[in-house]
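Peer 1: Could you have a look at this structure, given as structure tokens, before my questions?
Residue numbers (the working numbering): 327 to 451.
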């Protein structure tokens, strides 16, 4: 179940962020859809939600790693050589779950910060 939640979040965060960002900063005349205050508020809330999901995913990853470690220990105590958990290959190089989540959440966070900057700059035009 932990892995299922991780993959759903990895699909949800970029999709929801892109759609929301297109709504917030996608128009040349922002006052036609939302006021600048609402756009700025929406951008800040988008950043906060993305950061919250990142923290949640980090905790989920810790729990997942702990469960894998416990499974390996149990298999070791039972004398298994290559089992479900002990037979797993360890990730090497850049091909790791944490690197993927850092890239996805990092891009979403940068996009929300850019949206905040773009919206804030419209106040001074």
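Yeah, the Cβ is synthetic: ideal placement off N, Cα and C, and Gly gets one too.
None of these values were measured; they are calculated from a predicted model.
May I have the straight-line CA-CA distance separating residue 439 from residue 348, to the nearest angstrom?
Peer 2: As a working note, residue 439 is residue 113 in the chain shown. As a working note, residue 348 is residue 22 in the chain shown. Residue 439 and residue 348: Cα-Cα distance of roughly 14 Å.
Peer 1: If distances are taken between C-alpha atoms only, which option among 413, 380, 404 comes closest to residue 394?
Peer 2: The count along the chain shown starts at 1 and reaches residue 394 at position 68. Here the closest residue by C-alpha is 413.
Peer 1: Tell me whether the beta-carbon of residue 445 lies closer than 8 Å to the beta-carbon of residue 331.
Peer 2: In the chain shown, residue 445 corresponds to position 119, counting from 1. In the chain shown, residue 331 corresponds to position 5, counting from 1. Against a cut-off of 8 Å, the Cβ pair of residue 331 and residue 445 comes out as no contact.
Peer 1: Alpha carbon to alpha carbon, what distance is there between residue 408 and residue 401?
Peer 2: In the chain shown, counting from the first residue as 1, residue 401 sits at position 75. In the chain shown, counting from the first residue as 1, residue 408 sits at position 82. Distance between the alpha carbons of residue 401 and residue 408 is about 9 Å.
Peer 1: Have a look at 397, 406, 346 and flag the residue whose alpha-carbon is nearest the alpha-carbon of residue 373.
Peer 2: Residue 373 sits at position 47 when you count from the first residue of the chain shown. The shortest Cα separation from residue 373 among 397, 406, 346 belongs to 346.
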